[in-house]
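Report on the following structure.
Residue numbers (the numbering used here), protein chains in the order written: chain A, 43 to 133; chain B, 1307 to 1784.
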C-alpha cells in the first residue's frame, strides 16, 4: 500500500498506511467471489453505450476567460500557472 | 402575503399567473432555511443575494409580459459538485474550499433559462463518495425527519433540503445510488435518469461512466417536470444522448394498466423486514391498478457491489488526479512540484477519498489491471446482459431502494464495507447505465420512510414514470 500511495501521489503516514491496508483488505476479500467466475468468454464493458468520437465543426468559439481561470489558481504569473521547480530537486 | 404553494409545478403556475411573486416565493424559502438549516446543515452555501436578484428579474420580466420559462420562480437547491460560475463549488472537500468555477454546468444554464431560482449549494459526501453525508469536510447533514440519523448520501444535502422544505426541488448526482438512497431515507422522490440523458458538463467527475445528474422532489410530477427540463442533448458532453425527451409528466398520470412489473426472485438478501414488506405491498398495489407481476431473475446481481467498488474507485483515481495544486484549489507549498503534489493531496482529501483513490490505483496498477479492473468490467457486462434478458419479460423491475431506513450517525463510518452495502440495490442500475427512481412507500422501522425503486431499461423513463406515478397514488391512498 505504501507503493500504491506513492503512485497516487498521496503522502500518507506509516500509521495511516496500516489502517488503510486493513480496511481495504476487508473490501478486497469480496473479490474472491468474482475471481471464482469463468469470465474468459465475456467481453468487458467500459461504458453503458459504445462510445464514438464526437467532433464539432472547426469554427472559432468563445472559450473560458483566461484571467478568470488564473484567478482561481493557487499561484499565477504573467498569464500562466506558477509551480515550484520541476527538475533537480526530486529525490 | 399570499400562500406559497408547496410544489414546483404549482409555484411556477402561480408565479406566471401573478398570484404570488417570485420574490415572495424566494423570501419564504430563505426564511425556512434561516429557521432550520442551523440544525440540518443541508447547505454549504445559501446564495440568498443571487436568489433575490434572480427572483426580482423574473418578477420584472412577468410585469413586462415576457416569457419566463416553465420553472418561473421555482427555488432549487444544487448539489455542491455542479459548477456555478463565480459561486464557490467545493464538493465538500478542503481540496476545493473557496474555488469559484469560471463556467456554469449545462444544467445550471438550462435551469436559469427555465426561470428557476438557485437558493444554495448543498452538502455531500466529499466528491460524492459515501452513503451518509458524514464524509463532508464541512460537517454532516442531518435527516430532517430525525436529526439523530443520517439523510443518506452522497446527495444528502439535496435530499434533506427538499424534505425540510428549504426548496421544493433540488439536483443531485447518482454514481451508485447517491440520489435514490438519500431520497428513500428522507421520504422524497429521487430520479436517476438514463446515463447520457442529462448533460454531465460541469458536474465534477467522480466515475465518468456511472455519474448522472437527476432531481429530488416531493411529488412524482415535480420530479418529472425537472427531468424534462434538464434532459436533452448537449454537444459539450460527448456521452450525451441525441434523443428527444418524451413527456414524463403525462406518463406519470397514465396509469399502469397492462404493464408487466418484474419481481426479482434471486434478489440479494439483506433488506430489513419492514422494507421487504413495503415492497410486497407495492407489488400488490400495482397489480390492483391493472399491472401484471412477472418473475424475473438477475443471477449476476450478487457480484454487482464488488464490480462497482473496483470500477468506481478506478475511474475516481484517474479523475481525481487533476487535484494537484496547480490549476485550482488547495496547494501545500513544498520545495519541488512532486513533493507539492503529495503534500497537497494528503492535506486536501479526506479519508474516504484517499481510500478510494488507493483502491482504484491498486486495481489499475501494472500486474493487477487484468485481474481486478478487467474482471470487474466483465462482471459489468454480465449484469447488463441479465437486465437485457429481464426486460424481454418485464417493462420495469421493482426493488427496494435501500436495504435499511435512515441509520444513526457513526453507525457505519468506521467500517467501509458495511457503508458500501447500503448501495446493493442501487448500484446495478449505474453499471448498466439505466434509469431508476425511488418513490416513498410507507414507513419502516422507527416510523422512518421506505423507498420503493422502479428500474427501467435504457431510455425507459416513460414506463418508469408511469409506475412511479401509480406507486405515489397507491401510497397516498394507504
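Even glycine gets a Cβ: it sits at the ideal position worked out from N, Cα and C.
- Scanning its chain for C-beta atoms nearer than 7 Å, with the 5 sequence neighbours on each side dropped, one finds around residue 1750 of chain B the residues 1578, 1580, 1581, 1584, 1711 and 1756, in chain order.
- Between residue 1528 of chain B and residue 1475 of chain B, the C-beta spacing is below 7 Å.
- Secondary structure at residue 1382 of chain B: strand, using DSSP grouped into helix, strand and coil.
- Separation of residue 1688 of chain B and residue 82 of chain A (C-alpha to C-alpha, rounded to the nearest whole angstrom) is 12 Å.
- Contact of residue 97 of chain A with chain B is not assigned, every C-beta pair being separated by 7 Å or more.
- Legend: CB atoms of the region 1407-1438 of chain B lying less than 8 Å from CB atoms of chain A belong to residues 1407, 1408 and 1409.
- Taking the C-beta atoms as reference points, residue 52 of chain A is found no nearer than 7 Å to residue 1391 of chain B.
- Chain B has no Cβ within less than 7 Å of the Cβ of residue 63 of chain A.
- Within the region 1678-1689 of chain B, contact with chain A at the beta-carbon level (separation under 8 Å) is assigned to 1678, 1680, 1681, 1682, 1683, 1684, 1685, 1686, 1687 and 1688.
- 7 Å or more divides the Cβ of residue 1672 of chain B from the Cβ of residue 1678 of chain B.
- Residue 56 of chain A does not reach chain B, its nearest Cβ partner there being about 13 Å away, counting only Cβ pairs nearer than 9 Å.
- Residue-level contact check: residue 1660 of chain B touches chain A, since one or more beta carbons of chain A fall below 7 Å from its beta carbon.
- When C-beta distances to chain B are compared with 7 Å, the residues of the region 101-113 of chain A below that value are 106, 107, 110 and 111, in chain order.
- Within the region 1722-1771 of chain B, the complete alpha helix (DSSP H) runs of at least 4 residues fall at 1722-1726 and 1733-1738.
- Contact of residue 75 of chain A with chain B by beta-carbon distance below 8 Å involves 1608, 1609 and 1612.
- DSSP lists B:1351 and B:1384 as the bridge partner or partners of residue 1427 of chain B.
- Every unbroken stretch of the beta strand (DSSP E) spanning 3 or more residues and falling wholly within the region 1582-1666 of chain B is given here in chain order: 1598-1602.
- Residue 1348 of chain B is positioned such that its CB atom lies closer than 7 Å to that of residue 1463 of chain B.
- In this chain, the alpha helix (DSSP H) harbouring residue 48 of chain A covers 44-49.
- Beta-bridge pairing by DSSP links residue 1475 of chain B to B:1382 and B:1523.
- Annotation for residue 70 of chain A: the continuous alpha helix (DSSP H) segment containing it runs 56-70.
- Interface residue (Cβ-Cβ distance to chain B less than 7 Å): residue 119 of chain A is not classified as such.
- With a threshold of 7 Å between beta carbons, residue 90 of chain A makes contact with chain B.
- Residues 1431, 1446, 1456, 1459, 1715, 1716 and 1719 of the same chain have their beta carbon placed closer than 8 Å to that of residue 1440 of chain B, with the five preceding and five following residues left out of the count.
- Neighbours of residue 47 of chain A in chain B, taken as residues whose beta carbon is under 7 Å from its own, are 1664 in chain order.
- Closest in alpha carbon position to residue 1533 of chain B, among B:1618, B:1635, B:1497 and B:1507, is B:1497.
- Your pair residue 1768 of chain B and residue 1592 of chain B does not check out as a contact, with CB atoms roughly 16 Å apart and the cut at 8 Å.
- Less than 7 Å separates the beta-carbon of residue 1377 of chain B from that of residue 1421 of chain B.
- Looking at B:1334, B:1638, B:1644 and B:1614, the one whose alpha-carbon comes closest to that of residue 1726 of chain B is B:1614.
- Around the beta carbon of residue 1609 of chain B, 16 or more other beta carbons sit within 10 angstroms, so the residue counts as buried.
- For residue 59 of chain A, no CB of chain B lies under 7 Å from its own CB, so it is not counted at the interface with that chain.
- The DSSP-derived three-state label of residue 1314 of chain B is helix.
- Chain-ordered, the chain B residues with CB closer than 7 Å to the CB of residue 53 of chain A read 1648, 1649 and 1652.
- Residue 1570 of chain B and residue 1443 of chain B have their C-alpha atoms spaced approximately 39 Å apart.
- Of all residues in the region 1737-1749 of chain B, only 1738 and 1739 place a beta-carbon less than 7 Å from a beta-carbon of chain A.
- From the beta-carbon of residue 1723 of chain B, the residues of chain A found nearer than 7 Å are 68 and 69.
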